[in-house]
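Take a look at the structure below.
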Amino acid sequence: MDDGMDTSPSIFDPQNLSTRQKFRRYGKRHSTSGASIHQDNSASKLSETGLLYDGQSIHSPTNAALLLENIKQEVEGLDAEYYEEKIQPSSKRMLSSDIQGIPVVDAGFDSIRHSLKACKQDGDSLGDGAETIFTLFGSLLDCAMQGLMPVSDLILRFENACRDVSESIRYGLNVKHRVVEDKLMRQKAQLLLDEAATWSLLWFVYGKVTEELSKEQIPVSGTSHAVACEFVSEDHTAQLCLRIVQWLEGLASKALDLEEKVRGSHVGSYLPSSGVWHHTQRYLRKEKADMNIVHHLDFDAPTRENANLLPDDMKQDESLLEDVWTLLRAGRLEEASGLCHSAGQPWRAASLCPFGGLNLFPSVEALVKNGKSRTLQAVEFESGIGHQWHLWKWASYCASEKISELGGKFEAAVYAVQCSNLKRMLPLCTDWESACWALAKSWLDVQVDLEITRSLPGGIDQLRSFGDVINGSPGHADGSLDPTDGPENWPIQVLNQQPRQLSSLLQKLHSGEMMHEAVTQQCKEQQRQIQMTLMQGDIPRVLDLIWSWIAPSENDQNIFRPHGDSQMIRFGAHLVLVLRYLLAEEMKDTFRDKILSVGDNILHMYALFLFSKEHEELVGIYASQLACHRCIDLFVHMMELRLDSSVHVKYKIFLSAIEYLPFSSEDDSTGNFEDIIERILLRSREIKAGEYADLSDVAEQHRLQSLQKAKAIQWLCFTPPSTIPNFQDVSKRLLIRALTHSNILFREFALISMWRVPAMPIGAHTALGFLAEPLKQLSETPETSEDDIVFEHLREFQDWREYYSCDATYRNWLKLELENAEVPASDLSLEEKKRAISTAEEMLTASLSLLEREETPWLASINDVYESTEPVYLELHATSMLCLPSGDCLCPDATVCTTLMSALYSSAGHEVILSRQLMVNVSISSRDKYCIDVVLRCLAIAGDGLGPHNLNDGGILGTIMAAGFKGELPRFQSGVTLEISRLDAWYSNKDGTIEYPATYIVKGLCRRCCLPEIILRCMQVSVSLMGSGVMPDCHDRLIEMVGSPETKFLHLFSQQQLQEFLLFEREYSICRMELTEV
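Just so we're aligned, residue 0 is where the sequence shown starts under numbering that gives the first Met the number 0, counting upward by one.
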């Protein structure tokens, strides 16, 4: 955009017309600028700043006393009036009809906005109205993403939202604030008004559709106005100036509307005929002679007689002209003319609207509005095109210069507007918008005047003669009035006052000689910098500016903490999205990379800000527009931080992801829910290193990590909304994934819950609580029984539920036993004894029910059959901690790792190592120095990797690892066990590439460890019952079951477990003999 603007030929070159054919940024009827932001989302989904603003950033002053003193001095000069009436902001604000070309947004969108899901309704009743704008902007963007409104209308809705919230902050509360608070409220309101101005500019420059000027739209051709409109509609630079003028006049018009609404008054509120010089009339009737006072009352008398009116009439005239200037500044020419008529000065109205009151603004709207009026055509029929046009401009110029000499600054400025005389306009422009309007309007009018001159016979030669003026030749460089410069040479009189290109216009705003100091200061404000850069079309520069204001500092390593002004972060995020859709066809190469990379940075920052302010329900709207990896990283980060939050908060994040992201995706263009969940589940199983007080604390902390693993499953247990595509299929897939992952965790939890202590395995029971109801619904679905894989996973889940039920019953009994042991037997009540006996019997019943299953043995692998003609290898990957018999952690080192590796080899035997190509590797974990990584690899054979696995004992890898878990590794420290943190088994090829999970190994390993432990616990409970004088009726069945070759339980026991089993049996026999003797 910049290059196109900078290299374009000067408008004063009459030979080069290429600028008319250059690329335009303005939207066409057929372009995508009016298209809606639409994704495959079918239903409606949605329901801190610092202290002072210095023009560039919001900051906290360092000297509080100085701050208060400055504020007090400022407040003394402010209007002390407080508005007692509460002003309610309009929720259906209509754009001013005085701004030509702005469509009125359908008020129906208000109902859409309020019908959206309002997850934050209860929490949005904030005292600071600025906070509500985040939800409002999210709702509007959500509507646009669903195709309910085009992007151009979305921009206007953003503008209106800023104005509404600004008005609510400034005037919405009838509470009197303290000095500092009132100043802050004013600043917040003004910041939102500045943002609204930027949204309005964006609409005018990029969102407004360019009207193609057709012959049918020119009812009266061959006039100066028709030539002007045709030129502006085709010339890129002139069209830009036109839109800037319309934008700035629209802002001023809306400011007048707000003033009228708040104060109940309006500029131009005069009594009829208040401008007919009543005081001078009365003075003349008294026949007093004064050479300084006019003797006649016609409008030309002061100039002709070189005399003045009476001071009161002069003051009334000055007030009238000030209001006329204000209305012209707001583009309200008709209202200004009407004001002059009502004040009794129709001659002044005629000077503002020549040619019968025609609207001579060079726009298609003005041309159509004039209709078939032939006044201008008739005037120019005799004199020729442009003659009367230039005569009027020249006369206005002469009037502005002459009146300025007499001291009438407002009257001079009023006529200066008609002739592009910047010298008389700029002294009244004390703010950035007024100064920019004066420069843009003057430049536009001069371009039109030059085009009219060029269209005349000999006009091209005449334009060449203007070269001396352009180059600053003597006599013209200062723009002074020369008698030889008549209307035939217009606009030579004002050429040197005009900018040559857009960059020089902006430069004048920064450092122009006639520019007010306040204008130069306002050029440094953030929104003004954005607006000036948008005018130049330098979108990459806009994004760089915004990012520089909100980006974290280089020294700040916390990239997930939002920085900068929250309102600027919000504005930047929405600007990025609007530009992406408005300029989709022009996003190529470097420009595309910039708007995607820097734009993603801004969007990511805003999503983090919303998350930090607990607006989780809004995050998905913006995260869905991020690159795939950034979207996934963002949601993973949020879900991990909110893992311990309430169900309500977690469900908001779940909805935000499931509603705005596709569930799965075949490409990497956008993030999807499935990838997020996979990353969450994967990271939940990783070792989390922490700060430990001592070695005993290490073991306890690792056991507690099981709770965090279990909580990750809850993300899969939420019910998706029925409004998302393929609702039933998504729900089923979530539950199946929860089922498979929970089984993985149950295996790991079982291997770390072998300790005979009353404490429950909290991770396992947490997961069971999450899955109980959802999986009940899944098991009742007819399709489940038809899917072998799902049915197998569901059966394993039921096995684990039964196991942990037995485990819980045992721990309840153990808790009672330990509590009773602390009290002398004689002091125990009968009720306490009966409760302990009842719990023991319940434990035995539940355990035998699990052990005696014949058709489907507990945790047996039935359908897990793998066949291959190529050599297949088995791998087992485990991350574990070495635990001493005391329960403390053994900190591993290189020697310990080497010794453990040798012990694992020894547990297999020399022949197995050779025949099965066994490989063992033990190393200290890179994530936690207290953990080790164990990798076992061997060749698969029939019965162990290939074909059915009849023994269901985990094969050779399961046998080796079971020895470690039971603390019975040969040539290793006695009693040291492996406390598992993560366990996976895989099929792999000869190159080591993992291909498929070898679930039967882990399940068999669990059978090797869990079933003997259950039997030993039953023996312990039986001995306790027998000691209490109660003979269990299932003990003999238990003994027969262990010894039976059909159950194959005996070979699951290790040597030490068999010894413990025999000791329990011996103790049981002794107790029975004693009971029999009694």
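Ideal Cβ placement from N, Cα and C applies to all residues, glycine included.
Note that this is a predicted model, so its numbers are computed, not measured.
*For M918, which three-state DSSP category applies?*
Position 919 of the sequence shown, counted from the first residue, corresponds to residue 918. Secondary structure at M918: strand, using DSSP grouped into helix, strand and coil.
*Could you tell me the distance, in whole angstroms, from the CA atom of P660 to the CA atom of T780?*
Looking up residue 660 in the sequence shown gives position 661. Looking up residue 780 in the sequence shown gives position 781. First, the amino acid is wrong: residue 660 is Leu here, not Pro. Rounded to the nearest angstrom, the gap between the Cα atoms of L660 and T780 is 27 Å.
*Report yes or no: is there a C-beta of chain B within less than 8 Å of the C-beta of V275?*
Among the protein chains of the structure shown there is no chain B, as only one such chain exists.
*Touching or not, the stretch 196 to 212 and the stretch 244 to 263, by the rule of three or more beta carbon pairs under 8 Å?*
The answer is yes - the stretch 244 to 263 touches the stretch 196 to 212, with three or more Cβ pairs under 8 Å.
*Which of helix, strand or coil DSSP assigns to S382*: As a position in the sequence shown, residue 382 is number 383, starting the count at 1. DSSP, read as helix, strand or coil, puts S382 in helix.
_Option nearest I751 by Cα separation, candidates R981, L829, T532_ = Numbered from its first residue, the sequence shown carries residue 751 at position 752. The candidate whose alpha carbon is nearest that of I751 is R981.
_One question on the structure: do L977 and S879 come within less than 8 Å of each other, judged by their Cβ atoms?_
Counting from one through the sequence shown, the residue named residue 977 turns up at place 978. Counting from one through the sequence shown, the residue named residue 879 turns up at place 880. The answer is yes: Cβ separation under 8 Å.
_Burial state of G768 (16 or more Cβ within 10 Å)_ = As a working note, residue 768 is residue 769 in the sequence shown. G768 is exposed by the Cβ-count criterion.
*Give the secondary structure of S885 by DSSP, where H, G and I count as helix, E and B as strand, and everything else as coil.*
Here residue 885 refers to the residue found at position 886 of the sequence shown. Coil.
_On the criterion of 16 or more Cβ atoms from any shown chain inside 10 Å, does E158 qualify as buried, or is it exposed?_
Locating residue 158 in the sequence shown gives position 159, where the first residue counts as 1. By the beta-carbon neighbour count (other beta carbons within 10 angstroms, threshold 16), E158 is buried.
*Determine the extent of the beta strand (DSSP E) in which P149 is found, giving its start and end residues.*
The residue labelled residue 149 in the question sits at position 150 within the sequence shown. P149 -> beta strand (DSSP E) spans 145 to 149.
_Only counting the same chain, and skipping five residues up and downstream in sequence, which positions put a Cβ closer than 7 Å to that of L544?_
Counting from 1 along the sequence shown, the entry for residue 544 is found at position 545. Closer than 7 Å at Cβ, skipping near neighbours: Q528, I529, T532.
*Should I57 be labelled buried (16 or more other beta-carbon atoms within 10 Å of its own) or exposed?*
Within the sequence shown, the letter at position 58 stands for residue 57. Low confidence applies to I57: its pLDDT is 39, below 50, so where it sits in the model is not reliable, and the reading given next is rough at best. Burial state of I57 is buried, judged by a 10 Å Cβ sphere holding 16 or more other Cβ atoms.
*Bridge partners of P996, per DSSP?*
For the purposes of this step, residue 996 is taken as residue 997 along the sequence shown, with counting starting at 1. DSSP lists W985 as partners of P996.
*State buried or exposed for D141, treating a residue as buried only when at least 16 other CB atoms are found within 10 Å of its CB.*
The residue you call residue 141 lines up with position 142 of the sequence shown. With 16 or more Cβ atoms within 10 Å of its Cβ, D141 is classed as buried.
*Could I get the ranges of all uninterrupted alpha helix (DSSP H) runs contained in the stretch 169 to 205, with 4 residues as the minimum, in chain order?*
178 to 201, all fully within the stretch 169 to 205.
*Would you say G953 and R1007 are within 8 Å of each other, going by their C-beta atoms?*
Taking the sequence shown and counting its residues from 1, the one referred to as residue 953 is at position 954. Taking the sequence shown and counting its residues from 1, the one referred to as residue 1007 is at position 1008. For G953 and R1007, yes; Cβs fall inside 8 Å.
*If you draw a straight line from the alpha carbon of E585 to that of Y621, how long is it in whole angstroms?*
Taking the first residue of the sequence shown as 1, we reach residue 585 at position 586. Taking the first residue of the sequence shown as 1, we reach residue 621 at position 622. Between E585 and Y621, the C-alpha separation is close to 22 Å.
*Provide the residue span of the beta strand (DSSP E) that contains R1079, from first to last.*
Lying before the first or after the last residue shown, residue 1079 is absent from the chain, which here runs from 0 to 1077.
_In this structure, how does DSSP classify S165 when only helix, strand and coil are distinguished?_
Position 166 of the sequence shown, counted from the start, is the residue given in the question as residue 165. S165 sits in a helix when the DSSP states are folded into three classes.
*Taking C896 as part of the alpha helix (DSSP H), name the residues at either end of that continuous run.*
Reading the sequence shown from its first residue, position 897 is the one you call residue 896. 893 to 907 is the extent of the alpha helix (DSSP H) around C896.
*E978 bridges to which residues according to DSSP?*
Here residue 978 is taken as the residue at index 979 of the sequence shown, counted from 1. Looking at the DSSP assignment, E978 forms a beta bridge with M880.
_Taking the straight line between their C-alpha atoms, what separation do you get for L738 and Y995?_
If you number the sequence shown from 1, residue 738 lands on position 739. If you number the sequence shown from 1, residue 995 lands on position 996. Straight-line Cα distance between these residues: approximately 18 Å.
*Using DSSP with H/G/I as helix, E/B as strand and the rest coil, what is V275?*
For the purposes of this step, residue 275 is taken as the residue at position 276 of the sequence shown. Coil at V275, not helix or strand.
_Pick from I979, T855, M842, E615 that is closest to Q704, judged by C-alpha positions_ = The residue you call residue 704 lines up with position 705 of the sequence shown. The shortest C-alpha separation from Q704 is found at I979.
*When you compare each of Q238, E874, P301, L850 to L1049 by their alpha carbons, which one comes out closest?*
Start at 1 with the first residue of the sequence shown, and residue 1049 comes out as number 1050. Ranking the options by Cα distance to L1049, first place goes to L850.
*Beta carbon of C339 nearer than 8 Å to that of V323*: As a first step, residue 339 must be located in the sequence shown, where it is residue number 340. As a first step, residue 323 must be located in the sequence shown, where it is residue number 324. Closer than 8 Å, so yes.
_DSSP bridge partner residues for A377 (one or two, in chain order)_ = Your numbering for residue 377 matches position 378 in the sequence shown. Per DSSP, A377 has no beta-bridge partner at all.
*Could I get the ranges of all uninterrupted beta strand (DSSP E) runs contained in the stretch 490 to 524, with 3 residues as the minimum, in chain order?*
Under the rule that a run must span 3 or more residues, no beta strand (DSSP E) segment is found entirely inside the stretch 490 to 524.
*asked:* If I follow the unbroken beta strand (DSSP E) through L935, where does it start and stop?
replied: Taking the first residue of the sequence shown as position 1, residue 935 is located at position 936. Where L935 is concerned, the enclosing beta strand (DSSP E) stretches over 930 to 938.
*Quick one: residues in its chain with C-beta nearer than 7 Å to the C-beta of I111, no 5 flanking neighbours on either side, listed in chain order?*
Along the sequence shown, one-based indexing puts residue 111 at 112. At I111, the pLDDT of 36 sits below 50, so the modelled position is not reliable; the number obtained from the coordinates is stated separately. A distance below 7 Å between beta-carbons, with the five flanking residues on each side excluded, links I111 to the following residues of its chain, in chain order: C142, L147.
*Using CA coordinates, which residue listed in S138, Q376, P301 is at the minimum distance from G221?*
The residue given as residue 221 occupies position 222 in the sequence shown. Residue Q376 is the option with its Cα nearest to G221.
_On the DSSP letters alone, give me the boundaries of the alpha helix (DSSP H) that S1068 sits inside._
As a position in the sequence shown, residue 1068 is number 1069, starting the count at 1. Run containing S1068: 1054 to 1076, per the alpha helix (DSSP H) assignment.
_Assuming the contact rule is C-beta atoms closer than 8 Å, F298 and H573 should be a hit. Round their C-beta distance to whole Å, please._
What you label residue 298 is simply residue 299 of the sequence shown in a count that begins at 1. What you label residue 573 is simply residue 574 of the sequence shown in a count that begins at 1. Contact between F298 and H573 is ruled out by a C-beta separation of about 52 Å, above the 8 Å threshold.
_For Q707 and L770, which I take to be in contact (beta-carbon distance under 8 Å), what is that distance rounded to the nearest angstrom?_
Counting from one through the sequence shown, the residue named residue 707 turns up at place 708. Counting from one through the sequence shown, the residue named residue 770 turns up at place 771. For Q707 against L770, the beta-carbon gap comes to about 17 Å, at or over 8 Å, which does not count as contact.
*Under 8 Å between C-beta atoms of L881 and L889*: Mapped onto the sequence shown, residue 881 falls at position 882. Mapped onto the sequence shown, residue 889 falls at position 890. A contact, by the Cβ cut-off of 8 Å.
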